[in-house]
């Protein structure tokens, strides 16, 4: 089994110490952050809303969302709180707009301490690094946020079951796999996972960095 490099002991600490906190969240820092912010605004995010940034890393989105949102309305989770804090130290134009208690270590998609006022959530370039069971966990645990209007998340897709069993080259050149990272899934898998956890997931036609596909999930109440 190929290990996810993000899980290697000392990976984040070494990268942060070397000043590479931007590099380890996938590169294309400004471009990807602008894309994330644009799709959130297209999805209706306004300054008074409360945003949960799942797998936020070094605040690639946060450095754009924090100035846009009212102070304290941005929450970020990541497996590495050290990476979140590195982003807070180096990437925010006004760190005072983001209290440190909004930066939450979370390896299990449980969102500990996140505000019940959350209205929007995004998990950008998170699930391509994880087995699909994490998507189920993420969707299930987000159901507790009664004010949540929608979740935006990205995956890599394979076109059909036969090709999903093989390495598949995405439109942007990334090669994805079914049982090792970076992972791909079927569109039907995403729809089914959403349905059984109480969501409706709609695929977007937007072209995203590295060939990822955007889904918008709406909780069914």
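In our numbering, the protein residues as written are 22 to 242.
Built from N, CA and C at the ideal position, the CB exists for glycine as well.
Coil, strand or helix - residue i by DSSP
i           : result
residue 166 : coil
residue 23  : The predicted model places residue 23 with a pLDDT of 45, which falls under 50 and marks its position as unreliable, so this point remains unresolved.
residue 71  : coil
residue 203 : coil
residue 240 : strand
residue 99  : strand
residue 181 : coil
residue 227 : coil
residue 55  : helix
residue 86  : helix
residue 91  : coil
residue 104 : helix
residue 81  : coil
residue 215 : helix
residue 159 : helix
residue 61  : helix
Residue i at chain D interface by Cβ criterion, 8 Å
i           : result
residue 111 : Reference to chain D is not applicable here, since this structure consists of a single protein chain.
C-beta atoms of residue i and residue j nearer than 8 Å
i           : j           : result
residue 160 : residue 214 : yes
residue 224 : residue 234 : yes
residue 212 : residue 222 : yes
residue 236 : residue 174 : yes
residue 264 : residue 232 : For residue 264 there is no data in the structure shown, the boundaries of the chain being 22 and 242.
residue 240 : residue 164 : yes
residue 75  : residue 142 : yes
residue 148 : residue 176 : yes
residue 65  : residue 104 : no
residue 136 : residue 205 : no
residue 53  : residue 180 : no
residue 145 : residue 62  : no
residue 124 : residue 84  : no
residue 156 : residue 109 : no
residue 168 : residue 132 : no
Inter-residue CB distance, residue i and residue j (contact presumed, cutoff 8 Å)
i           : j           : result
residue 95  : residue 86  : 5 Å
residue 116 : residue 89  : About 15 Å separates the two Cβ atoms, so there is no contact after all.
residue 139 : residue 82  : Not a contact, Cβ separation roughly 15 Å.
residue 188 : residue 195 : The Cβ separation is near 10 Å, so there is no contact.
residue 128 : residue 154 : Wrong, their Cβ atoms sit about 13 Å apart, outside the cutoff.
Sheet register partners of residue i (DSSP bridge)
i           : result
residue 196 : 190
residue 175 : 235
residue 221 : 239
Identify every run of the alpha helix (DSSP H) within the stretch 110 to 148, keeping only runs that are complete inside it and at least 4 residues long; order them along the chain. Along the stretch 110 to 148, the alpha helix (DSSP H) does not occur as any fully enclosed run of 4 or more residues.
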